[in-house]
Amino acid sequence: APESLMQALEDLDYLAALDDDGNLSEVGIIMSEFPLDPQLAKALIASCEFDCVEEMVSLAAMLTVSPCFVPPSKRPEEAVTLRRRALLHPHGDHFTLINIFNAFQQRECQAAAACMSQGYGADEGWCRKHAVSAEALQLAAVVRAELLEVMQRIELPVSPPAFGTDANVLNIQRALISGYFLKVARDIDGSGNYVMLTHKHVAHLPPSSCYLLRQPPRRLPPWVLYHEFTISQDNCLRIVSEIQPQMLVELAPQYYLSNLPPSESRDLLMELREKVVAAEDMPAEPK
Numbered sequence: 001a002p003e004s005l006m007q008a009l010e011d012l013d014y015l016a017a018l019d020d021d022g023n024l025s026e027v028g029i030i031m032s033e034f035p036l037d038p039q040l041a042k043a044l045i046a047s048c049e050f051d052c053v054e055e056m057v058s059l060a061a062m063l064t065v066s067p068c069f070v071p072p073s074k075r076p077e078e079a080v081t082l083r084r085r086a087l088l089h090p091h092g093d094h095f096t097l098i099n100i101f102n103a104f105q106q107r108e109c110q111a112a113a114a115c116m117s118q119g120y121g122a123d124e125g126w127c128r129k130h131a132v133s134a135e136a137l138q139l140a141a142v143v144r145a146e147l148l149e150v151m152q153r154i155e156l157p158v159s160p161p162a163f164g165t166d167a168n169v170l171n172i173q174r175a176l177i178s179g180y181f182l183k184v185a186r187d188i189d190g191s192g193n194y195v196m197l198t199h200k201h202v203a204h205l206p207p208s209s210c211y212l213l214r215q216p217p218r219r220l221p222p223w224v225l226y227h228e229f230t231i232s233q234d235n236c237l238r239i240v241s242e243i244q245p246q247m248l249v250e251l252a253p254q255y256y257l258s259n260l261p262p263s264e265s266r267d268l269l270m271e272l273r274e275k276v277v278a279a280e281d282m283p284a285e286p287k
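Residue numbers (full-length UniProt numbering): 1 to 287.
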């Protein structure tokens, strides 16, 4: 539909993928090298700036393959939930996916070392215990290797892994916001009713979200970045992580924030933006 095409072009413009003539910009050309959707490609490129490439390339691979969680088969669902809970990351679903991929890769290496003669390293038992798909995780490893090959071919810098450090958490959030500032929602009443900034749909966290599985239950994040949303009976966001609105204001294009439909969320962001600009304009204190 023409509306969808115009929206896609507008999104590419916000992502700095187009130049003033509507052709691919330098950033857009680099984005087009990756077999990823534009927002994920932009986030991956931003990870070079924020020194979190190893983590973002794992996340990009996990987001590209089919969902890694599978319904528990014979095992009691409570037991599976307890095991899965051990893999949850406090900073959100994106970080949980990196956790799961890293844990699987570690098990693969251990299994490969123990079972070299069998020629098959995948720890199927571990996957069954945690109700995750070995097939999806193996495919993610293949996709990850392909993405790294692209990065090496076009000579993008690959920073060493640093997953688990506070600085790395912030850097992953920055890279994600650089690509996904178009997909942000705010809990308007503190009870999990998330209104999306761009089109005001109300959505909820999915039952598989780390924020609903963690024990003891804690407050829901006020602002989230999400990977996908589809209008359905329960209107759930898919893959959700908390962000700070301050970071959104600093990294999203000013004209994107200005063009948001009127809402309390937009007003809050514009107030934050004014504070950031005022702080930037303050003269530096003499030493």
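Just so it is clear, CB atoms sit at the ideal spot from N, CA and C, and this is done for glycine as well.
Predicted, not measured: the structure shown is a model, and the values here were computed from it.
Q. With distances taken from CA atoms, which of 181, 266, 123 is nearest residue 188?
A. 266
Q | Proximity winner among 220, 98, 197, 14, relative to residue 206 (alpha-carbon distances) | A | 220
**Q.** Proximity winner among 87, 21, 194, relative to residue 215 (alpha-carbon distances)
**A.** 87
**Q.** Which residues DSSP lists as bridging residue 187, in chain order
**A.** The partner list for residue 187 (beta bridge, DSSP) reads 194.
(Q) In this structure, how does DSSP classify residue 4 when only helix, strand and coil are distinguished? (A) If DSSP states are grouped into helix, strand and coil, residue 4 belongs with the helices.
(Q) Judging by CA-CA distance, which residue of 46, 156, 130 is the nearest neighbour of residue 170? (A) 46
Q: Rounded to whole angstroms, what's the CA-CA distance from residue 210 to residue 90? Just pull it up for me.
A: So the two alpha carbons sit approximately 7 Å from each other.
**Q.** Contacts around residue 119, its chain only, beta-carbon distance under 8 Å, and the 5 residues preceding and following it disregarded
**A.** Note that residue 119 has pLDDT 44, beneath the 50 cutoff, so the model's placement of it is unreliable and no number is given.
Q. Looking at the unbroken beta strand (DSSP E) that takes in residue 289, where does it start and where does it end?
A. No answer is possible for residue 289: it lies beyond the span of the chain, which begins at 1 and ends at 287.
Q) On the premise that residue 65 lies in contact with residue 143, defined as a C-beta separation below 8 Å, what is that separation, rounded to the nearest angstrom? A) 6 Å
Q: Quick one: using the 10 Å Cβ neighbour count with 16 as the cut-off for buried, is residue 180 buried or exposed?
A: buried
Q) What alpha helix (DSSP H) runs, 4 residues minimum, are completely inside the region 20-106? A) 26-32, 38-49, 53-64, 77-85
Q.
Given a cut-off of 9 Å on the beta-carbon distance, is the pair residue 280 and residue 162 in contact?
A. Contact annotation: residue 280 and residue 162 have beta-carbon atoms that are not nearer than 9 Å.
Q: Sort 255, 262, 249, 140 by Cα distance to residue 275 and report the nearest one.
A: It is 249.
Q | Cβ-Cβ separation, residue 124 to residue 134 (assumed contact under 8 Å), whole Å | A | 5 Å
Q) When the Cβ atoms of the region 251-268 are set against those of the region 24-42, are three or more pairs found closer than 8 Å? A) no
Q) According to the neighbour-count rule (16 or more other Cβ atoms, all chains shown, within 10 Å of its Cβ), is residue 57 buried or exposed? A) buried
Q) Are there 16 or more other CB atoms within 10 angstroms of the CB of residue 62, so buried, or fewer, so exposed? A) buried
Q | Inter-residue Cα distance where the pair is residue 273 and residue 107 | A | 45 Å
(Q) So, for residue 127: in the same chain, excluding its five sequence neighbours on each side, which residues have a beta-carbon less than 8 Å away from its beta-carbon? (A) These residues qualify, in order along the chain: 104, 133, 134, 137.
**Q.** Counterpart residues of residue 223 in DSSP-defined beta bridges
**A.** 186
**Q.** Contact under 9 Å by Cβ, residue 239 with residue 228
**A.** yes
**Q.** Bridge partner(s) assigned by DSSP for residue 269
**A.** Beta-bridge pairing links residue 269 to no other residue.
Q.
Less than 9 Å between the C-beta atoms of residue 222 and residue 190, yes or no?
A. Yes, the pair counts as a contact, with Cβ atoms nearer than the cut-off.
Q | Opening and closing residue of the alpha helix (DSSP H) in which residue 141 lies | A | Counting along the chain, the unbroken alpha helix (DSSP H) around residue 141 starts and ends at 134-153.
Q: Look at the Cβ atom of residue 178, then the Cβ atom of residue 50, and state whether they are nearer than 9 Å.
A: yes
**Q.** Assigned secondary structure, residue 201 (DSSP; H/G/I helix, E/B strand, else coil)
**A.** coil
Q: Return the first residue and the last residue of the alpha helix (DSSP H) that residue 169 is part of.
A: Start and end: 166-180.
Q. So who's on the other strand from residue 228, going by DSSP bridges?
A. Residue 228 is bridged to 238.
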